[in-house]
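Numbering (the numbering used here), first residue to last: 2 to 917.
A short worksheet on the structure shown next.
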Amino acid sequence: MNTEKQQRQAAIEFAKRWHGRGYEKGESQRYWLDLLGNVYGVPNPTEWVEFEDKVQLDSTSFIDVMIPATHVMIEQKSLGKDLRKPIRQSDGTMLTPFQQAQRYSAALPYSQRPRWIVTCNFAEIDVYDMENPNSEPQHIALINLGDDYYRLQFLVDTGSVHINKEMEVSMQAGEIVGRIYDALIKEYDLTDPRSMRYLNILCVRLVFCLYAEDAGIFGRHDMFHDYLDRYEAADMRDALLRVFDTLNTPVERRSKYLRPDLAAFPYTNGGLFAEQIDVPPFTEEMRHVLLQHASLDFDWSQISPTIFGGVFESTLNAVTRRSGGMHYTSIENIHKVIDPLFLDGLKRKLADITDEPVFKRRLKALHEFQDQLASLVFLDPACGSGNFLTETYLSLRRLENQVIKLIYNMEPLDAFVNPIKVSINQFYGIEINDFAVTVATTALWISESQMMAETESIIHHDIDFLPLHSYANIHEGNALHMDWRHVCPHPDYIIGNPPFVGARLMSPEQKDDMLYVFGKDWKNLGNIDYVGAWYKRSAELMKGTSIQTALVSTNSISQGEQVANLWAPLMRDGLKINFAHCTFRWDSEASLKAHVHVVIVGFSYVDNHNKFIFDNGQTIKAAHINPYLVDAPDTFIHSRSKALCNVPAIGIGNQPIDGGNYLFKKEEMDEFIKKEPKSASYFHLWYGSEEFIHQKPRYCLWLGDCSPKEINEMPLCKKRVENVRLLRLASKRAGTRRLADRPTRFLVENMPNGDSIIIPSVSSEKRRYVPMGFIHKGTFASNLVLLIPSATLYHFGILESNVHMAWMRVVCGRLEMRYRYSKDVVYNNFPWPSPTAEQAEKIATTAQGILDARSHYPDSSLADLYNPNLMPYDLLEAHRANDRAVMAAYGFATRMTETECVSRLFDLYSAMAHMG
2 MNTEKQQRQA AIEFAKRWHG RGYEKGESQR YWLDLLGNVY GVPNPTEWVE
52 FEDKVQLDST SFIDVMIPAT HVMIEQKSLG KDLRKPIRQS DGTMLTPFQQ
102 AQRYSAALPY SQRPRWIVTC NFAEIDVYDM ENPNSEPQHI ALINLGDDYY
152 RLQFLVDTGS VHINKEMEVS MQAGEIVGRI YDALIKEYDL TDPRSMRYLN
202 ILCVRLVFCL YAEDAGIFGR HDMFHDYLDR YEAADMRDAL LRVFDTLNTP
252 VERRSKYLRP DLAAFPYTNG GLFAEQIDVP PFTEEMRHVL LQHASLDFDW
302 SQISPTIFGG VFESTLNAVT RRSGGMHYTS IENIHKVIDP LFLDGLKRKL
352 ADITDEPVFK RRLKALHEFQ DQLASLVFLD PACGSGNFLT ETYLSLRRLE
402 NQVIKLIYNM EPLDAFVNPI KVSINQFYGI EINDFAVTVA TTALWISESQ
452 MMAETESIIH HDIDFLPLHS YANIHEGNAL HMDWRHVCPH PDYIIGNPPF
502 VGARLMSPEQ KDDMLYVFGK DWKNLGNIDY VGAWYKRSAE LMKGTSIQTA
552 LVSTNSISQG EQVANLWAPL MRDGLKINFA HCTFRWDSEA SLKAHVHVVI
602 VGFSYVDNHN KFIFDNGQTI KAAHINPYLV DAPDTFIHSR SKALCNVPAI
652 GIGNQPIDGG NYLFKKEEMD EFIKKEPKSA SYFHLWYGSE EFIHQKPRYC
702 LWLGDCSPKE INEMPLCKKR VENVRLLRLA SKRAGTRRLA DRPTRFLVEN
752 MPNGDSIIIP SVSSEKRRYV PMGFIHKGTF ASNLVLLIPS ATLYHFGILE
802 SNVHMAWMRV VCGRLEMRYR YSKDVVYNNF PWPSPTAEQA EKIATTAQGI
852 LDARSHYPDS SLADLYNPNL MPYDLLEAHR ANDRAVMAAY GFATRMTETE
902 CVSRLFDLYS AMAHMG
């Protein structure tokens with residue numbers, strides 16, 4: 002694979018070769034083979050790509066280019082063709098190149114469908130991420146490929162086979178630890194509070210010994226196994242205690258009468274075997290599990306300490322074991338934090354050093370670079386089992402081994418001098434769980450052993466690994482109540498993924514932590530997620546320094562009103578965002594997936610001029626990153642009770658507090674009316690978000706305007722009223738109990754006299770447009786939708802436009818990944834345009850066009866119509882016409898990207914809010 006500098010130069014030369022060239026049928030294959038082979042270093046590109054694969058639609062069609070290994074489909078057009086413009090197909094339909102590729106994709110077996118769709122006209126490349134098909138495509142111009150070559154890295158990035166193997170082995174190791182744990186726990190007295198601690202420490206020691214014998218640390222393979230194998234089950238307890246004591250005793254202090262098989266074990270130190278623990282008597286089952294399954298049947302030297310640390314901790318965690326999952330943070334996700342924070346820069350620096358042509362300068366620079374690696378200090382203030390620290394150590398040592406190899410080839414090394422300078426002493430952590438502290442320390446020792454073995458293979462001589470060093474860098478305690486400077490006085494980088502706990506889900510102790518960190522004067526503290534405390538603590542340590550931080554966080558810290566609550570005070574103090582990963586799914590478990598949606602934010606008080614936003618596979622260079630994680634000014638959208646502009650007021654629908662007594666499915670309503678015919682006129686259509694989007698209304702029995710006489714004449718209705726009264730009386734809330742005095746009325750009533758725009762409160766993030774519509778007088782809506790009475794087609798056109806959708810996507814809250822549309826943040830803060838009368842009329846016309854296009858499909862719900870893979874072309878065109886009309890009213894160019902649009906909207910908001 003080419004270095005970054007070589008890739009950049011190769012990309013520049015590729016762009017020169019293909020400037021002004023490009024005929025779809027004659028040159029497509031040469032174009033892609035040239036790009037893959039000469040820019041991205043694919044050794045045999047003809048074996049990497051497939052051209053003109055057949056796909057069966059109504060007739061046989063052909064896919065221009067497929068890259069199966071990376072799940073890429075390419076739709077190629079000739080030079081000069083507009084990649085966004087529909088082209089007439091053989092069946093008469095009009096499809097853009099992207100829609101054409103989508104149609105091919107839908108006809109493929111599921112396993113062959115592309116993750117990436119690329120459209121290309123030789124001079125331009127558009128990249129669509131099919132995990133988020135409605136996002137703005139990544140646009141790359143051939144002329145800029147020298148700067149943007151890295152944005153096409155996905156074409157050849159298959160992931161690391163080695164990492165996948167490590168993950169598989171580490172998971173197997175976790176299962177073996179589970180067997181050991183299950184066998185041992187039966188013998189411990191769990192009424193003794195010390196028993197779980199003894200059990201956990203015993204498991205850590207056994208794992209270290211199993212690893213040490215397989216990795217050669219003890220000096221001979223199977224040494225631990227062979228020692229224990231001499232003993233029957235009844236004697237194994239004493240045998241283990243003797244070997245633990247031996248490992249903890251320096252050779253010079255051991256008895257000269259020590260048995261030879263024990264004396265052969267080296268002194269380990271490091272505190273791992275120092276504590277006196279109680280070991281239970283062994284059974285035959287325990288002996289078999291340890292000696293056969295854990296020792297002979299498995300090679301521990303191949304585990305990844307990064308993954309295994311998390312798996313090991315979760316295996317011995319009672320809560321995790323009950324949930325049936327083994328937790329680990331993927332190596333890929335850790336690198337999303339550490340690569341842009343520091344590792345990419347270090348790799349670029351090493352590449353520049355290797356390109357230095359003068360021998361003496363290159364050698365001097367290599368020694369200085371190794372010293373730089375050895376000087377860096379890292380702090381993870383929520384380190385858990387140490388996976389971030391471990392992977393960072395491994396990454397630094399891999400770089401150092403590259404340096405050692407380069408130096409070794411340039412000058413002789415003293416065979417008696419250890420050339421390693423990077424040390425686990427550079428890595429600090431804070432963790433509240435005592436057992437996790439032990440696991441983190443052990444994972445770092447295992448990492449040190451593995452990397453030392455790699456160094457030995459470079460310099461061709463052994464380096465002493467034992468005794469372990471007793472670094473006290475992993476501190477046990479509540480990080481939010483500690484002074485981090487006492488733990489790590491001078492870190493260069495702060496990293497990690499603090500606990501994922503939402504603002505409304507914190508325990509009383511966690512709320513106390515927040516108050517301790519922020520103080521009682523911090524505005525809207527109750528609306529900030531728990532992770533916000535780590536941002537505040539990090540900012541305190543970083544102030545006045547060049548320290549840089551990157552944290553994984555629940556995505557809500559960059560959405561909705563929490564942005565202003567957390568970020569505004571920090572940024573007023575000078576904090577700056579240097580890079581960000583926009584919302585993605587954080588799969589931190591293996592056998593049990595807990596799909597938490599997160600962001601990663603890299604920040605400091607030092608302005609980094611190379612800013613990047615990573616969003617759904619796209620890498621975007623940014624001039625400035627604001628706390629909504631877009632390239633736009635620092636604007637803070639506060640909750641607002643009234644609209645910023647002169648537009649109709651918005652409110653939630655009805656909130657019955659009825660225990661379901663007044664809500665019916667159609668069959669239930671029909672059955673009710675059959676028994677009580679007089680009730681028919683009191684039923685109304687009822688829409689929440691789900692009912693509206695799927696066009697499957699429920700029905701509401703509304704008796705609020707009924708006289709007592711009318712209700713008395715309808716005994717079934719009377720029974721429902723009584724049920725509601727009793728339900729409200731039984732409530733723990735005083736307000737609900739008071740509502741029992743008027744059981745036919747709702748807590749919140751919103752029943753407009755005319756037409757209203759209806760907006761679902763929650764909608765799928767896969768839709769480019771949130772489906773909105775109109776409901777008429779007499780149709781009721783729940784509190785799961787928003788209503789805008791007296792709104793016109795003009796208002797509907799603005800709200801259903803790409804401009805408003807861009808605003809909504811950035812400032813709204815999220816439910817997992819789904820959009821959570823709110824009145825106080827999204828609608829009331831939206832900066833409306835000031836159109837001319839002609840522009841407003843045009844928008845009303847295009848808005849009606851959207852409704853007309855929907856009416857062509859009476860059998861399809863809004864969920865069907867706005868499915869990104871099924872959206873009818875005439876509806877899509879109606880939306881595009883409306884988008885153009887709205888953008889014209891704002892004075893926006895139609896080729897403006899969504900990011901540029903949001904930036905302009907923030908400018909408008911700031912101006913309007915300032916005037917207000």
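Every residue, glycine too, gets a C-beta built ideally from N, C-alpha and C.
This one's a predicted model, so the numbers in the text were calculated from it and none came from an experiment.
Taking buried to mean at least 16 other C-beta atoms within 10 Å of its own C-beta, is G1 buried or exposed? Any property of residue 1 remains undetermined from this structure, which presents the chain solely from 2 to 917.
For F907 and A650, believed in contact at Cβ under 8 Å, the rounded distance: On the sequence shown, position 649 is the one that residue 650 refers to. On the sequence shown, position 906 is the one that residue 907 refers to. Not a contact, Cβ separation roughly 24 Å.
Whole angstroms is fine: what's the gap from L80's alpha carbon to F15's? Looking up residue 80 in the sequence shown gives position 79. Looking up residue 15 in the sequence shown gives position 14. Whole-angstrom Cα-Cα distance: 16 Å.
Does DSSP put F428 in a helix, a strand or coil? Walking along the sequence shown from the start, residue 428 turns up at place 427. In the structure shown, F428 sits in a strand (DSSP, three-state: E or B).
For E562, which of helix, strand or coil comes out of DSSP? Along the sequence shown, one-based indexing puts residue 562 at 561. It is coil, neither helix nor strand.
Closest residue to I495 among Q451, L552, G755 (Cα-Cα distance): The residue labelled residue 495 in the question sits at position 494 within the sequence shown. If we check each option's Cα against that of I495, L552 comes out closest.
With a threshold of 7 Å on Cβ separation, who are the neighbours of E899 within its own chain once the five nearest residues in sequence on each side are excluded? The count along the sequence shown starts at 1 and reaches residue 899 at position 898. E137, A807.
When we look at the beta-carbon of Y199 and count the other beta-carbons within 10 Å, is it buried (16 or more) or exposed? By one-based count along the sequence shown, residue 199 stands at place 198. By the Cβ-count criterion, Y199 is buried, with 16 or more other Cβ atoms from all chains shown falling within 10 Å of its own Cβ.
Nearest-angstrom Cβ-Cβ length linking C556 and T584, presumed shorter than 8 Å: In the sequence shown, the residue the question calls residue 556 occupies position 555. In the sequence shown, the residue the question calls residue 584 occupies position 583. The displayed chain sequence assigns Asn, not Cys, to residue 556. Taking C-beta atoms under 8 Å as the contact rule, N556 and T584 qualify, at a distance of about 4 Å.
Extent of the continuous alpha helix (DSSP H) to which K537 belongs: Here residue 537 refers to the residue found at position 536 when the sequence shown is read from its first residue. Run containing K537: 533–543, per the alpha helix (DSSP H) assignment.
Of the residues G755, K719, T620, the one placed nearest H140, counting alpha carbons only: For this step, residue 140 is matched to residue 139 along the sequence shown. A check of alpha carbon separations from H140 across G755, K719, T620 identifies T620 as the nearest.
Note down the Cα distance separating V722 from K643, rounded to an integer number of angstroms. Against the sequence shown, residue 722 aligns to sequence position 721. Against the sequence shown, residue 643 aligns to sequence position 642. Cα to Cα, the separation comes out at about 35 Å.
If I follow the unbroken beta strand (DSSP E) through E125, where does it start and stop? As a first step, residue 125 is located in the sequence shown; it is residue number 124 there, counting from the start. Counting along the chain, the beta strand (DSSP E) containing E125 begins and ends at 125–130.
Taking E392 and V423 to be in contact with their CB atoms under 8 Å, please state how far apart those CB atoms are, rounded to whole angstroms. Your numbering for residue 392 matches position 391 in the sequence shown. Your numbering for residue 423 matches position 422 in the sequence shown. No, E392 and V423 are not in contact; Cβ-Cβ is about 14 Å, not under 8 Å.
Could you work out which residue in G575, S331, N883 is closest to Q849 when comparing CA atoms only? Taking the sequence shown and counting its residues from 1, one reaches residue 849 at position 848. It is N883 whose Cα lies nearest to the Cα of Q849.
Please name the residue, chosen from E692, G798, T442, that lies closest to G272 on a Cα-to-Cα basis. Stepping through the sequence shown from its first residue, residue 272 is reached at position 271. Comparing alpha carbon positions, the residue from E692, G798, T442 closest to G272 is T442.
Hey, would you say I759 sits closer than 8 Å to Y688, going by beta carbons? Translated into the one-based positions of the sequence shown, residue 759 becomes position 758. Translated into the one-based positions of the sequence shown, residue 688 becomes position 687. Going by C-beta atoms, I759 is nearer than 8 Å to Y688.
Quick one: residues in its chain with C-beta nearer than 6 Å to the C-beta of N498, no 5 flanking neighbours on either side, listed in chain order? In the sequence shown, the residue the question calls residue 498 occupies position 497. The residues are V553.
Go to P98, then tell me how far its alpha helix (DSSP H) extends in each direction, as first and last residue. As a working note, residue 98 is residue 97 in the sequence shown. It spans 98–107 - the alpha helix (DSSP H) in which P98 sits, taken as one unbroken run.
P832 beta carbon less than 8 Å from that of R770: Taking the sequence shown and counting its residues from 1, one reaches residue 770 at position 769. Taking the sequence shown and counting its residues from 1, one reaches residue 832 at position 831. Checking the displayed sequence, the identity of residue 770 turns out to be Tyr instead of Arg. Taking 8 Å as the cut-off, the Cβ atoms of Y770 and P832 do not count as close.
Return the first residue and the last residue of the alpha helix (DSSP H) that F225 is part of. Residue mapping note: residue 225 aligns to position 224 of the sequence shown, counting from 1. 224–230 is the extent of the alpha helix (DSSP H) around F225.
Ignoring anything shorter than 3 residues or poking outside the segment 630–714, list the beta strand (DSSP E) runs there in chain order. Complete beta strand (DSSP E) runs here, min 3: 684–688, 699–702.
Backbone CA spacing between P709 and C718 [nearest angstrom]: Your numbering for residue 709 matches position 708 in the sequence shown. Your numbering for residue 718 matches position 717 in the sequence shown. Cα to Cα, the separation comes out at about 11 Å.
Beta-carbon gap between V56 and L109 smaller than 8 Å: What you label residue 56 is simply residue 55 of the sequence shown in a count that begins at 1. What you label residue 109 is simply residue 108 of the sequence shown in a count that begins at 1. Going by beta carbons, V56 and L109 fall inside the 8 Å limit.
Quick check on DSSP: helix, strand or coil for P775? Translated into positions along the sequence shown, residue 775 becomes position 774. The residue you asked about is not Pro; residue 775 is Phe in the sequence shown. In this structure, F775 counts as strand in the three-state DSSP scheme.
Three-state secondary structure (DSSP) at L380? Here the question's residue 380 lines up with position 379 in the sequence shown. Note: L380 maps to strand in three-state DSSP.
C-alpha distance - S802 paired with M809, whole-angstrom precision: Within the sequence shown, numbered from 1, the residue matching residue 802 stands at position 801. Within the sequence shown, numbered from 1, the residue matching residue 809 stands at position 808. One C-alpha to the other measures close to 11 Å.
Assuming V157 contacts L37 (C-beta within less than 8 Å), just tell me the rounded distance between them. As a position in the sequence shown, residue 157 is number 156, starting the count at 1. As a position in the sequence shown, residue 37 is number 36, starting the count at 1. With a beta-carbon spacing of about 7 Å, V157 and L37 fall inside the 8 Å limit used to define contacts.
Would G561 and G892 be called neighbours here (beta carbons separated by less than 8 Å)? Stepping through the sequence shown from its first residue, residue 561 is reached at position 560. Stepping through the sequence shown from its first residue, residue 892 is reached at position 891. No, these two residues do not count as a Cβ contact at 8 Å.
Distance between Y129 and G21 (C-alpha atoms, nearest Å): Counting from 1 along the sequence shown, the entry for residue 21 is found at position 20. Counting from 1 along the sequence shown, the entry for residue 129 is found at position 128. Between G21 and Y129, the alpha-carbon positions lie close to 24 Å from each other.
How big is the Cα-Cα spacing for V162 and F309? The count along the sequence shown starts at 1 and reaches residue 162 at position 161. The count along the sequence shown starts at 1 and reaches residue 309 at position 308. Interpretation of V162 is limited by its pLDDT of 45, a score under 50 that renders its predicted location unreliable; the figure taken from the coordinates is listed afterwards. Straight-line Cα distance between these residues: approximately 17 Å.
Should R221 be labelled buried (16 or more other beta-carbon atoms within 10 Å of its own) or exposed? Numbered from its first residue, the sequence shown carries residue 221 at position 220. Label assigned to R221: exposed.
Selected residue, minimal CA-CA separation from G545, among K577, H915, P761, T120: Here the question's residue 545 lines up with position 544 in the sequence shown. Taking only the C-alpha atoms, the option nearest G545 is K577.
Please state the DSSP three-state secondary structure of L363. Numbered from its first residue, the sequence shown carries residue 363 at position 362. At residue 363 the sequence reads Arg, which differs from the Leu that was named. In this structure, R363 counts as helix in the three-state DSSP scheme.
Would you mind reading off the limits of the alpha helix (DSSP H) that contains C489? The residue labelled residue 489 in the question sits at position 488 within the sequence shown. Note, C489: premise wrong, no alpha helix (DSSP H); not H, not E.
Using CA atoms only, rank isn't needed, just tell me which of A581, I558, S605, V600 is closest to G575. Counted from its first residue, the sequence shown places residue 575 at position 574. Comparing Cα positions, the closest option is S605.
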